[in-house]
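Single-structure report; data block below.
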Amino acid sequence: MKRLISLLPLLLLLTVFSAEANYYANNEINTYDPVSGYYYKAIVSVGEGKGILSSNKSSGKMTNLAIYDPRSETHKLLFDKSSDRMISFVYFESAYQGNSIQFNGAEVAYNPVIKNNASVPERQPKDKLLIGLKDNEKRVTDLWVSKKDGSELQKVVSVGVGSSWHIDVKNAVIRVVTINNQDLKIQNFSW
């Protein structure tokens, strides 16, 4: 009984982190860029829930991103219409405020992938989107970059197990860090 009671806080903590992770994993993109005025809306495909404990019978994954230009009243899809991809995040710079660059969404403010974001020299937000496509089978996340209007879309790098990445705001790079045994490999890509 004592062992069960001592495990109770750990179980509670795991439940909280699981719920938080689930919220962000299912949180779809539905936002405006205050600089360009573009509206971004996730295209979500609906499928069957596959988890043993799944409480709902349908689950969705973000498979594409619609970019709407209110000035021209036109929209485009960022990727082709294939639905076998899963968008896990979209980041963009939205403002310069308080010696740092703000990114879309309140959840990004303390996001661990946004680093070196203090005492940044004043500048305009970059005209870029960073899109993460997750491949669960290969266990990689592909990082893609485009302009905010969706043009100039290009794959930057695949980040696999054993690697991490972040945006170094002050130095304007996407940095991929890989540790293999005692070896450290760092790759920088223009942001």
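Going left to right, the sequence shown walks through residues -21 to -1, 1 to 170 as mature numbering (1 follows the signal peptide of the UniProt record, and there is no 0) numbers them.
For every residue, glycine included, the Cβ atom is placed at its ideal position computed from N, Cα and C.
N- and C-terminal bounds of the beta strand (DSSP E) containing residue i
| i | result |
| --- | --- |
| glutamate 72 | 72 to 76 |
| aspartate 128 | Element bounds for aspartate 128: n/a, residue is neither H nor E. |
| valine 138 | 133 to 139 |
| valine 14 | Note, valine 14: premise wrong, no beta strand (DSSP E); not H, not E. |
| asparagine 159 | 152 to 159 |
| aspartate 147 | 142 to 147 |
Proximity below 9 Å, CB of residue i to CB of residue j
| i | j | result |
| --- | --- | --- |
| tyrosine 17 | aspartate 128 | yes |
| residue 172 | isoleucine 153 | Examination of residue 172 is not possible in this model, given that the chain is present from -21 through 170 alone. |
| serine 79 | asparagine 90 | no |
| isoleucine 22 | alanine 45 | yes |
| tyrosine 75 | valine 99 | yes |
Per-residue burial, residue i [other beta carbons within 10 Å of its own, 16 or more giving buried]
| i | result |
| --- | --- |
| valine 155 | buried |
| leucine 158 | Position check: residue 158 holds isoleucine in this sequence, whereas leucine was assumed. Classification of isoleucine 158: exposed, given that the 10 Å Cβ count is below 16. |
| isoleucine 165 | exposed |
| asparagine 1 | Because asparagine 1 carries a pLDDT of 37, less than 50, the predicted location of this residue cannot be relied on, and no value is offered for it. |
| valine 148 | buried |
| leucine 163 | exposed |
| threonine 53 | exposed |
| lysine 40 | buried |
Nearest residue (CA-CA) to residue i, options the options
| i | options | result |
| --- | --- | --- |
| isoleucine 146 | Gln161, Leu109, Leu132, Asn160 | Leu109 |
| lysine 117 | Gly139, Val124, Gln103, Glu101 | Gly139 |
| lysine 55 | Lys20, Glu72, Asn78, Phe71 | Lys20 |
| valine 135 | Gly141, Ser125, Ser143, Ser142 | Ser125 |
| glutamine 133 | Ser169, Asp162, Ile165 | Ser169 |
| lysine 94 | Gly111, Asn150, Glu52 | Asn150 |
| aspartate 106 | Ile46, Ile22, Pro91, Phe71 | Phe71 |
| arginine 102 | Gln161, Leu57, Gly77 | Gly77 |
Contact set for residue i: own chain, Cβ-Cβ below 7 Å, skip 5 residues either direction
| i | result |
| --- | --- |
| serine 73 | Asp12, Pro13, Val14, Gln81, Phe82, Asn83, Pro104 |
beta-carbon residue i near the ligand SAH non-hydrogen atom, thresh 8 Å
| i | result |
| --- | --- |
| alanine 151 | The ligand SAH is not part of the structure shown, which contains no ligands of any sort. |
Close-in-space but distant-in-sequence residues of the same chain around residue i (CB under 6 Å, 5 per side omitted)
| i | result |
| --- | --- |
| glutamate 131 | Ser125 |
| tryptophan 123 | Ile110, Lys134 |
| tryptophan 144 | Val138, Val155 |
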